[in-house]
Structure formats: C-alpha cells, structure tokens
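A short worksheet on the structure shown next.
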Amino acid sequence: MAVTYQPRTEVYKFHPLVVFTAVLAAFLVQVFLPPTSFFLLFDLPFLMVIYFAFSRRNPSMGLVLGLVVGVTQDLLSHNPVGLYGMAKTLVGYAASSLSARIDTDRPIPRLLLIFGFLHFHQIVYASIERLLLGQTAELVSLRVLEAALVNALVGVLIFSLLDRFRRTT
Amino acid sequence: MRTFVERHRHLSLLVAMLLGQLFFLAYQIKGANDVRLIRLWAIAVVAPVEKVAVGVLDGLGSLWDNYIALYGARQENERLQAELAQARLRLQELEARAAEAGQLAALLELKQAHPRAPFVAAQVIGSSPAATTLTVLLNRGSDAGLRPNMVVLTPDGVVGKVIAAYPGAAEVLLITDRKSGVGTMVADSHLLGVLKGTGGYFCRLEYVSNEETVAVGAELVTSGQDQLFPKGLPVGRVVAARPGELFQEITVEPAARLTRLEHVLVLAGAPETLGAAAPASSSGEQPRAR
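Line by line, the protein sequences are chains A and B.
The working numbering puts the first residue of the first sequence at 105, with every later residue one more than the last.
The working numbering puts the first residue of the second sequence at 272, with every later residue one more than the last.
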C-alpha cells in the first residue's frame, strides 16, 4: 500500500500585487526608519520573506523570494551582492519547508519561529562574512537576541494584518 | 542525474541559487569588482520612489496639520478649543519650520565661513535597508558633481563620506558604520588615533596607547592624515575611556546628530579647499604620535 504524505496545514495564495506591495512597503518603511539603536533592530524585509514562505509552503517560492529580497538589500546597502542574498535564500527555503510540516498560522508558533529564524539568518550571514570576507561578525550576541525578540513581536502583528489578504487554494 | 534533479527540484534550485551567489560573491571579492552597473539600476529604481515617498509624507503631514487634525476640533463645535488647537498646530508648524531654518542657516554659515570650498547642499532621502550597514541616500548625485570619497558634513561635525554617486542620488557611509575609519586627534592634546564605527550609535577611537591620558568629555577633530577628511573638523566627544590590552578602549559620541539627519553639505573638492578649521589649527601645534 502506498503511503502518501498529507500536509497538516493549509496552503494560501496571494495576489502578486499584494506580495509586491508588501515587500515594497517593507523596504520603504525600513529605509525611513531613523538609524537609532532601537530601530536598527528591525528587519522588515526578513519578516516578509518569512511570512510568504510560511503561507505558500512552497520551498522554491520561498527561496526565490528570499533571493530577491536579500539581493535587493545587498544592492541598496552597498554590501557585496550575495551576503544577505544567500542568508535570506536559505531562510526562505527553510521557512517554507518547515511550514509544510507544522502549523504556522497561530501567533505562538509564529513568534517562536521568527525568533529562531532570525538567529539562523544571523548565523548564516555572519558565517559568510567570516569565511569569505574575513570580518569578525558575531554569530550570537545580546544584540541579535534583542533583534530576534523585537522582530518576533512585530512580526506576529504584521502577519495577522497580512492574513486578511490571503486566499485559500 | 536528470531524475535526481526532478525528484529533488526544490533542493536542486536551492543549491543552484546558493552556488550562483557564492560564485558571484567570490568574483566581487577576488577582483575587488564592485557591481556598479547593477547598483546603478537599483538606485535608479529606488531613488525616485524614495523622493516620491518623502513628498507624499510631507504632503500627508501638511494635510493632517491643516485639515484632518482640525476637522475633529470643528466637529466638537467648540470655537475656543478649535482656535487653541489651530494655534498650537500653527506653533508646532512654525517651530518645525524654525528648526529647519536653523539647520539651513547653520549650513549657510558653514558655507560662508569657507567661501573657497565648493560645497553642495543635499537632503537625506533615506537610509540603508540593512541594519548591518549604516548608509544614507542623498537627493543629489553625480549630476551635481558628487563623487566617491567626498566628505559629508553638518555644522555639528563630520557625517561620513560619499561611497557611490549615481545620477540624482548618492550613497553616504556614516562614520558609525563598521567599515568607516577617520583619521582623528584629540583637539586639546593633539593625540592621534583612528575613529572607527561600531555599527551602532557610538564610535571607537583606536590605536591610542594605554600610557596616554584621554579625558572623558574631550573633543575630537579630524587629523587630516587620512588625506580625505580636512584637518580640524569636529567628529565627536569622548564618553568613556578605559585601558585595553595594547590600546585604550575609547567610546566616542559623534558630533553630528546622525540619527536625525535632514540636510547636509558635501565638500565637492579636495580637502585643502576647506582649509584647516579652528580647533586644530588655532594653536599651531603639530599632531603628537600615539
């Protein structure tokens, strides 16, 4: 008897304009945030990658969105192109793969997953910086912990807002 | 092979995307090749959007101040309260305009103090979308004569340097960015060091030996030894100093208010055109080796 895998979670669709507008808005808000110690903790484009990866539950879509968002961040922040690109590609892939197995529609799992994925993002980013650029980026620090907490809280709020625009397949 | 790729198409796509970026990254690092053309396209797309967004935000602020905020007061039908609210809004508006005029007057004063210096005034229209890079985007670019390595100032002090100039926009690396380094000296003792960014609000003054005395509150100015920043410009103030392994660990608060930048001046010429500023040149002393 063939055993087939049944996802326990629902797949959602978005109008392409919603995805584009949400990502564009995230970039615009991010560039207008004052560069104070608190606001530098925010990574709104990261939250968009996570949200759409969670909702679509398609690893290819997740990694492509991560790639586009990450490379755009690199281009606009004078980083070598690929630094954020690789980190967010992996985050998009991992988030969508994981969301096919666990329920990412409720606030608590979302909070914990954003918290975890921000650390994962930082570890990948810092590792690439260390290995390829020879810089001494921190893998884990109090600052990353603060960023993970802030983004997790903000993410849960933004995700519930974006939930209004999704459609079930 | 084809079957494997088809069976694991998500994983194959991931590997392909990562390898592509890895090779591209290696290409940029190995040959020190900046992907200027791609950045140029990205800025060409983003800068107009940011300019429009600034305009829309200003317009919305004006609409809020002049209509929506007053609408509630009118609805209350209390004439005195409405007048008071209007007067307060007007006062806030005037205060905001006065603050802006003050900033512009200070910029003008700085410009007039150095008549030979070819300054270009610019407005900050956005900042970096990545928290690890502290850059801002200006509304003036290569068409206004801006070039990489030009010094960016406010009347309070040094902001940073231009790292890329595009038509209609230029990118500025703030002195608080981790990749930034400014030749600096203590204004009163002429002790030399290098001001490095920390990626946060503060900077660090590096390469000052443990034997030297650096007082908390000491003013720091550019030393001019990096051949980039003109000598004597204020860069910051020491807020903490303690002995380290080889050199002191000195924390510096930037002189320019980098978290609230609106208008800046770009020195569109060689550092010599500015001439030495007062703190470093007035005593006529020579800088002291660290």
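Even for Gly, the Cβ is constructed at its ideal location relative to N, Cα and C.
At the C-beta level, B/Ala-435 and B/Gly-540 stay beyond 8 Å of one another. Exclusion of the five residues before and after A/Gly-170 leaves Val-153, Lys-192, Thr-193, Val-195, Gly-196 as the residues of its chain whose Cβ lies within less than 6 Å of its Cβ. Below the 7 Å Cβ cutoff, chain A contributes Phe-131, Gln-134, Val-135, Pro-149, Gln-177, Leu-180, Ser-181 as neighbours of B/Pro-400, in chain order. Per DSSP, the continuous beta strand (DSSP E) segment holding B/Gly-507 begins and ends at 505-513. Look at A/Pro-211 here: in three-state DSSP terms it is helix. Look at B/Met-421: its C-beta is not under 8 Å from any C-beta on chain A. Each residue's CA atom was taken as its position, placing B/Leu-491 and B/Ser-480 some 16 Å apart. With respect to the 8 Å criterion, A/Val-258 and A/Leu-215 are not classified as neighbours on the basis of their beta carbons.
Secondary structure note for A/Ser-201: its alpha helix (DSSP H) is the uninterrupted segment 187-203. Fully contained in the stretch 343-413 of chain B are the following alpha helix (DSSP H) runs of length 4 or more, in chain order: 350-384.
In chain order, Ala-126, Tyr-155 place their CB closer than 7 Å to the CB of A/Leu-266, counting only its own chain and leaving out the 5 sequence neighbours on each side. Taking CB atoms only, A/Met-190 has a neighbour in chain B less than 8 Å away. When Cβ-Cβ separations below 8 Å define contact, B/Tyr-472 makes contact with chain A. Rounded to whole angstroms, the separation of the alpha carbons of B/Ala-401 and A/Asp-147 is 7 Å. Secondary structure at B/Leu-445: strand, using DSSP grouped into helix, strand and coil.
For B/Glu-321, the secondary structure class from DSSP, reduced to helix, strand or coil, is helix. Against chain B, the CB of A/Pro-139 has a partner CB under 8 Å away; the residue lies at that interface.
Taking 9 Å as the Cβ-Cβ cut-off, the stretch 525-545 of chain B approaches chain A at Leu-529, Thr-530, Arg-531, Leu-532, given in chain order. In this structure, DSSP gives B/Gly-330 a helical state, which the three-state scheme calls helix.
Under the Cβ criterion (8 Å, minimum of three pairs), the stretch 173-189 of chain A does not count as touching the stretch 197-207 of chain A. In the DSSP assignment, A/Val-258 falls within the unbroken alpha helix (DSSP H) covering 246-266. DSSP, reduced to helix, strand and coil, places B/Ala-489 outside both helices and strands of the structure shown, so it counts as coil.
Of all residues in the stretch 185-210 of chain A, only Val-185, Gly-186, Leu-187, Tyr-188, Gly-189, Met-190, Thr-193, Leu-194, Tyr-197, Ser-201 come within less than 8 Å of chain B when Cβ atoms are compared, listed by chain position. Residue B/Gly-428 holds the alpha-carbon nearest to the alpha-carbon of B/Thr-455 among B/Gly-470, B/Gly-428, B/Gln-299. DSSP, read as helix, strand or coil, puts B/His-461 in coil. In summary, A/Ser-245 is exposed, with fewer than 16 beta-carbon neighbours lying within 10 Å of its beta-carbon over all protein chains present. By the neighbour-count criterion, in which 16 or more other beta carbons inside 10 Å mark a residue as buried, B/Val-286 falls on the exposed side.
If you look at B/His-281, you'll find it in the alpha helix (DSSP H) that goes 280-301. DSSP places B/Met-421 in the coil class of the three-state scheme, outside both helix and strand.
Listed along the chain, the chain B residues whose CB falls inside 9 Å of the CB of A/Leu-222 amount to none; the nearest CB is some 11 Å away.
With contacts defined by Cβ atoms closer than 8 Å, B/Leu-408 and B/Glu-442 form a contacting pair.
Residues of chain B with a Cβ closer than 7 Å to the Cβ of A/Leu-249 do not exist; the shortest Cβ-Cβ separation is about 14 Å.
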